[in-house]
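Enquirer: When we follow the working numbering, the leftmost residue of the sequence shown carries the number 444, and every step to the right adds one.
Don't be surprised by glycine CBs; every beta carbon is placed ideally from N, CA and C.
Everything numeric in this text was worked out from a predicted model, so none of it was measured.
Below is one structure. I have some questions about it.
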Amino acid sequence: LLALRRHELELTEEPPRRLEPRLEIARIQSELGDTEGRIQALKANLDEAPGHAASIEALAAVYESNDRYQELVALLTDQAAKVESKGDPDGAASLLWSRAAHLAETKLHDVVRAILAYEKVVARVADPDALDALARLHASRGEHTAAVGYLERRLEGATGDAQRRTVVALARAHLATGKPERARQCL
């Protein structure tokens, strides 16, 4: 079956029609236990069609199942940048940046990388989770002025419990910057 799919791939000249056979090749290679062959097939799809969601998800599954988070974060940031450079009509880049940021923070414990990726998200859309993460990460580094800026942006769209939590966090950030009068104004 693998040989048949490879032959089918060789006969297919149009790039969009080559994606599905490669996904099938990757699936077969997975069943055969050929992780590196699976990765190679999926990367070939992404070389031909940057941002191809099914290929990204399949490759992410391979990396996650093998605890290869460094490679996964690199893949997500690379694909996000490529999708952005194509204009990103469906907003996929923000999702890729967000996922890369979360993994950089939680799996790699790379705060700088997480901040850079979350900043890419909020440059495109005022995502509440990304704004919260940026405020939290900057505060953890003692960068309270930066945290204040993200919390103020977060407060603009917050309601209910989220608004109350953001107000408290903003007041604390103002206190940490040495501005108790601003903290009182928040409350």
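Let me make sure I understand the geometry here. Which of I482, Y561, R511 and G494 has the alpha-carbon closest to that of H581?
Expert: Residue Y561 is the option with its Cα nearest to H581.
Enquirer: For E527, which of helix, strand or coil comes out of DSSP?
Expert: Three-state result, E527: helix.
Enquirer: Could you check how far apart the C-beta atoms of V564 and S541 are, in whole angstroms? I think they sit under 8 angstroms.
Expert: The Cβ separation is near 5 angstroms, so the contact holds.
Enquirer: Is it right to say H552 is buried, meaning 16 or more other beta carbons lie within 10 angstroms of its own, or is it exposed?
Expert: Per the 10 Å Cβ criterion, exposed.
Enquirer: Kindly indicate which residue of A469, P493 and K622 has the alpha-carbon position closest to the one of P458.
Expert: Of A469, P493 and K622, the residue nearest in Cα terms is P493.
Enquirer: Check this for me: beta carbons of A484 and A469, under 7 angstroms apart or not?
Expert: Contact flag set, yes.
Enquirer: How close, in whole Å, do the beta carbons of L539 and L519 come, if the pair is a contact with beta carbons under 8 angstroms?
Expert: Between L519 and L539 the Cβ distance is about 5 angstroms, and since that is below 8 angstroms, they are a contact.
Enquirer: One question on the structure: do A578 and L594 come within less than 7 angstroms of each other, judged by their Cβ atoms?
Expert: Contact flag set, yes.
Enquirer: What separation, rounded to the nearest whole angstrom, lies between the Cα atoms of G585 and L452?
Expert: Rounded to whole angstroms, G585 to L452 spans 54 angstroms at the Cα level.
Enquirer: To the nearest angstrom, how far is the alpha carbon of E624 from that of A566?
Expert: Those two C-alpha atoms are separated by around 30 angstroms.
Enquirer: With 16 other CB atoms within 10 Å as the buried threshold, where does D572 fall?
Expert: Exposed is the call here.
Enquirer: Taking just the CA atoms, how far does E467 sit from S537?
Expert: Approximately 28 angstroms, taken between the alpha carbons.
Enquirer: Are A589 and A616 close, meaning C-beta to C-beta below 7 angstroms?
Expert: Not in contact: A589 and A616 (Cβ atoms no closer than 7 angstroms).
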